[in-house]
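Colleague: Its first residue numbered 99, the sequence shown is counted upward by one per residue in this note's numbering. Built from N, CA and C at the ideal position, the CB exists for glycine as well. Quick one: this structure, given as structure tokens, is what I'll be asking you about.
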Amino acid sequence: MEEIFKIAIDGPGGAGKSTVAKAVAKKLNIDYIDTGAMYRALGLKILRLGMAMSDGMELRALLKETQIDFRGQDIILDGEVVSDLIRTPEVSMAASDCSAFPIVREHMVAAQQKMGESKSVIMDGRDIGTVVFPDAKYKFFITADSKERALRRYKELVEKGQNAVYEQVLKEIEERDHNDSTRAASPLRQAEDAELLDTTNMTVQEAVDYICGKVMA
Ligand code: DC
């Protein structure tokens, strides 16, 4: 029987985690799960409802009546494909804000553990190696200088034909870094047994080859 293993990828926003993880999944023929997309989908729903994010009880009720699933690489919110809609700066901040609530984290972590049950997966996020799969066989903390991350995100937005201002993108990245690493509930941090991969001066292919090399060794 083939061995089942987990690859946990954590790190700040814009470090290239999802691009790298997707490519590794393809190369190793395992499933890729983008946990950030789940928080983003919930963030989108909260924005649409105009809900103030201050009440844990209200969030609990909202989570009960919210369905978030993956269909292939698409993320589905209550039956609607929202893959593109969740990639705006407003949704990024809403995702970061709602992810600070313990009730939201508990709900998402349980769903993620279930999704990764009984199969090999590569999962990326902020707390995969520390909380979701603390026993993952492979753990990487992918980071890059914030200016480099902002530049990558900026280029991505321009390529998609969106209006972007580099300074604004940098400001948002730094704000979200602060949010994600200072929240009380499972803040972004490198797991003690995770390997640090600084991609500031690395290409995507180099990062993919590095991870695949470790897993196939
Ligand atoms: O990975 P991303 O940028 O798409 O994630 C969006 C937000 O969701 C991020 O700012 C923090 C939150 N998040 C989290 O708290 N835990 C995760 N495992 C994934 C994302």
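1. Are there any heavy atoms of ligand 1 lying less than 7 Å away from the beta-carbon of G148, as far as the coordinates show?
2. Using the Cβ count rule (16 or more neighbours within 10 Å means buried), how would you classify P110?
3. Relative to the C-alpha of D176, which residue among F231, M300, L142 is closest?
4. How is V302 classed by DSSP in three states: helix, strand or coil?
5. Pull up the distance between the alpha-carbon of S279 and that of T117, whole angstroms please.
6. Label V256 either buried or exposed according to how many other C-beta atoms from any shown protein chain fall within 10 Å of its C-beta, with 16 as the threshold for buried.
7. Short check: CB of L140 to CB of T164, under 8 Å?
8. For the putative contact between A283 and P232, defined by C-beta atoms under 8 Å, what is the C-beta separation to the nearest angstrom?
9. For S218, which residues in the same chain have their Cβ closer than 6 Å to its Cβ, ignoring the five residues on either side in sequence?
10. Under 8 Å, do A159 and G227 count as touching if we go by C-beta distance?
11. Can you find at least 3 beta carbon pairs, one from the stretch 176 to 186 and one from the stretch 206 to 220, that sit closer than 8 Å?
12. Which whole-angstrom value is the C-beta distance of V313 and Y236, which I expect to be below 8 Å?
13. Return helix, strand or coil for T241, following the three-state DSSP convention.
14. Out of curiosity, what's the CA-to-CA distance linking G107 and L286?
15. What distance in whole Å lies between the Cβ atoms of L294 and Q288, which are believed to be in contact at a cut-off of 8 Å?
16. Under 8 Å Cβ to Cβ from I131, same chain only, skipping five residues before and after it: list those, please.
17. Ligand 1 and A193: does the residue's C-beta get closer than 7 Å to at least one heavy atom of that ligand?
18. If you measure from the CB of R224, is any heavy atom of ligand 1 nearer than 7 Å?
19. Kindly examine ligand 1 and report whether one of its heavy atoms sits closer than 7 Å to the Cβ of A289.
20. When you compare only the Cα positions, how much space is there between D225 and N261?
Modeller: Taking the geometry as given:
1. no
2. buried
3. L142
4. helix
5. 22 Å
6. exposed
7. yes
8. Incorrect: roughly 16 Å between the Cβ atoms, too far for contact.
9. I102, F103, I128
10. Contact flag unset, no.
11. Because the criterion of three Cβ pairs below 8 Å is not met, the stretch 176 to 186 and the stretch 206 to 220 do not touch.
12. 6 Å
13. Looking at T241 - three-state DSSP - the assignment turns out to be strand.
14. Residue 107 is actually Ile in this sequence, not Gly. Their backbone Cα atoms lie some 12 Å apart in a straight line.
15. 6 Å
16. Correct list, in chain order: F168, Q210, M213, G214, V219, I220, M221, D222.
17. yes
18. yes
19. Every heavy atom of ligand 1 is 7 Å or more from the Cβ of A289, so no.
20. 31 Å
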